[in-house]
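For reference, the structure is listed below as structure tokens.
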Amino acid sequence: MPVIAIVGAGPGLGLSIATTFGSHGFSVALVSRTRDKLDQLADGLTRNGIEAAGFAADVMDPPSIAAAFDRIKGRFGAVDVLEYSPAPHDPVPGPADPDPLRATRDDLQPQLDYYLYGGIAATRQVLPDMVERGSGTVIYTTGGSSMDPLAAPTEFTATAIGSGALRTYALKLHQATAGTGVYVAHVPIFTWIGAGGPATRADTIARHYWNLYRTRDGAEHPYAAP
Numbered sequence: 077m078p079v080i081a082i083v084g085a086g087p088g089l090g091l092s093i094a095t096t097f098g099s100h101g102f103s104v105a106l107v108s109r110t111r112d113k114l115d116q117l118a119d120g121l122t123r124n125g126i127e128a129a130g131f132a133a134d135v136m137d138p139p140s141i142a143a144a145f146d147r148i149k150g151r152f153g154a155v156d157v158l159e160y161s162p163a164p165h166d167p168v169p170g171p172a173d174p175d176p177l178r179a180t181r182d183d184l185q186p187q188l189d190y191y192l193y194g195g196i197a198a199t200r201q202v203l204p205d206m207v208e209r210g211s212g213t214v215i216y217t218t219g220g221s222s223m224d225p226l227a228a229p230t231e232f233t234a235t236a237i238g239s240g241a242l243r244t245y246a247l248k249l250h251q252a253t254a255g256t257g258v259y260v261a262h263v264p265i266f267t268w269i270g271a272g273g274p275a276t277r278a279d280t281i282a283r284h285y286w287n288l289y290r291t292r293d294g295a296e297h298p299y300a301a302p
């Protein structure tokens, strides 16, 4: 069975992506910090006939990410799809988002660790094998401020910078993997999930990811509810 690893898995979009891919025959590896939450999510998927298991790790701790992917490979085998969408961190890493007029390296570094370096740590666990076998998909998820930082208030300065750095990495990786059989894409979400009608629901947005996996077309696919 093909395998999807969801880093930042939670009861919202992560679970919906897991359900969508699982219903199409994927085994699901769920990665987040909290073991109890992972067990609950995996148990629910299993009850619905989807092979799933949780693997605790923190994107702020690259060795824990490497260890989690070792366990994933031991349980399921090689990962075919990586979806990286770091869940909200509690407590939020680093200080509150700074005023850009006063921002320092220390203000911004935690969000770079969270988005960019966490994304790189997860990617390095799967990308070499994908390139070697000539197949695989990597999808990064961020908020809309990664693509349009001016759309967010200044209170989200560090978030916009961190997620914008991940976006740049994703787009350059898409460029670098062209012709290798590996597909890399970025999904900036401009919608508050669950805040409105059917188009904002996690299950609806998850279908966007399945279509992206199937079509493998283009580097960036924003999602905004109509």
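Here my numbering runs 76 ahead of the position in the sequence shown, where the first position is 1.
Built from N, CA and C at the ideal position, the CB exists for glycine as well.
Residue environment, residue i, which counts as buried when at least 16 other CB atoms sit within 10 Å
i, result
"G270", "exposed"
"D183", "buried"
"M223", "buried"
"L249", "buried"
"A275", "exposed"
"D119", "exposed"
"R243", "buried"
"M206", "buried"
"D146", "exposed"
"L117", "buried"
"L177", "exposed"
"T267", "buried"
Whether residue i touches residue j by CB criterion (8 Å)
i, j, result
"G212", "V263", "no"
"D156", "V214", "no"
"I141", "Q185", "no"
"G272", "A228", "no"
"G86", "A163", "yes"
"A94", "A128", "yes"
"A132", "R111", "yes"
"I265", "T199", "no"
"M77", "G101", "yes"
"A81", "I148", "yes"
"T96", "Y245", "no"
"A278", "S92", "yes"
"Y160", "G125", "no"
Collapsed DSSP secondary structure at residue i in the structure displayed
i, result
"V207", "helix"
"H262", "strand"
"F102", "coil"
"I148", "helix"
"T180", "coil"
"A81", "strand"
"I93", "helix"
"T218", "strand"
"T256", "coil"
"G212", "strand"
Presumed contact (8 Å Cβ cut-off) between residue i and residue j, rounded CB distance
i, j, result
"A234", "P174", "6 Å"
"A261", "G294", "7 Å"
"G84", "S108", "6 Å"
"S239", "G219", "6 Å"
"G130", "L114", "3 Å"
"E208", "L247", "About 23 Å; that fails the 8 Å criterion."
Every unbroken alpha helix (DSSP H) within the segment 109 to 149, with a cutoff of 4 residues, ordered by chain = 111 to 123
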